[in-house]
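Enquirer: All residue numbers for the sequence shown refer to the numbering used here, where the first residue is 52 and numbers rise by one.
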Amino acid sequence: MAGTFLTAVLSFISTNIDDLFILMIFCAQARNSRDFAQIAAGHYAGIGLLTAVSILGALGIRVIPSGYLRLLGFFPLLLGIKASLACRRGEEEAEKEAQAEIRFLPVALVTAANGGDNIGVYIPIFSGYRPGDFAVTLAVFTALAALWCCLGWRLASYPYMKRRLIRYQHILVPTVLVGLGAMILLS
């Protein structure tokens, strides 16, 4: 079980380090704890979906054919284009648009779309697991997803970091989402 625990920790951290930056961007846009709850719920849903698909894949059940995984890149790409267009409509409208996007579904979709590496790492690991190993891994992933949300919120709330993220969100949000989408589509 100690080996399973360590494997779960290392595989989560190595495949989700990029999610921490994305969470920081979402959290910097949050105005209150309700927004943070939406971000956290979306992150959990995305991680849960990736984990479920990986478990099914490890059991030999193809949920999404591997050729279609990269099509998930359209989600962040479209969200990034939408954010970019919102910025062109004007600063005030762009801010309202950015605030309106702090919802469960966009965060879940971006997290899931960014998870091609998660699936690629988790399926081989999960292939040799017994039911107890899955339970340990799910507990570790649940705890680490909470830690990721808290770290994203905490890092984004540092005054210097928050000022920078808010000041450049009109550039950061579209750039990160379009870049992420393009990377997923091209990989």
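For glycine and all other residues, C-beta sits at the position ideal for the given N, C-alpha and C. All of these numbers come straight from a predicted model, not from anything done at the bench.
For the alpha helix (DSSP H) that contains Y211, what are its first and last residues?
Expert: Note, Y211: alpha helix (DSSP H), 210-218.
Enquirer: Let me check understanding here. Comparing Cα to Cα, which of L236, Y219, R181, A109 lies closest to G171?
Expert: Nearest of L236, Y219, R181, A109 to G171, Cα basis: A109.
Enquirer: Give a yes or no on whether the C-beta atoms belonging to F77 and L195 are separated by under 8 Å.
Expert: Their beta carbons are not under 8 Å apart, which means F77 does not touch L195 by this criterion.
Enquirer: What is the rounded straight-line gap between the Cα of R82 and the Cα of V158?
Expert: Roughly 16 Å separates the two Cα atoms.
Enquirer: Leaving out five residues before and five after T188 in sequence, what residues of the same chain have Cβ atoms less than 6 Å from its Cβ?
Expert: Closer than 6 Å at Cβ, skipping near neighbours: A59.
Enquirer: Leaving out five residues before and five after L160 in sequence, what residues of the same chain have Cβ atoms less than 6 Å from its Cβ?
Expert: So the list reads F126, once near-sequence residues are dropped.
Enquirer: Out of curiosity, what's the CA-to-CA distance linking A103 and Y95?
Expert: Each residue's Cα considered, the two are about 12 Å apart.
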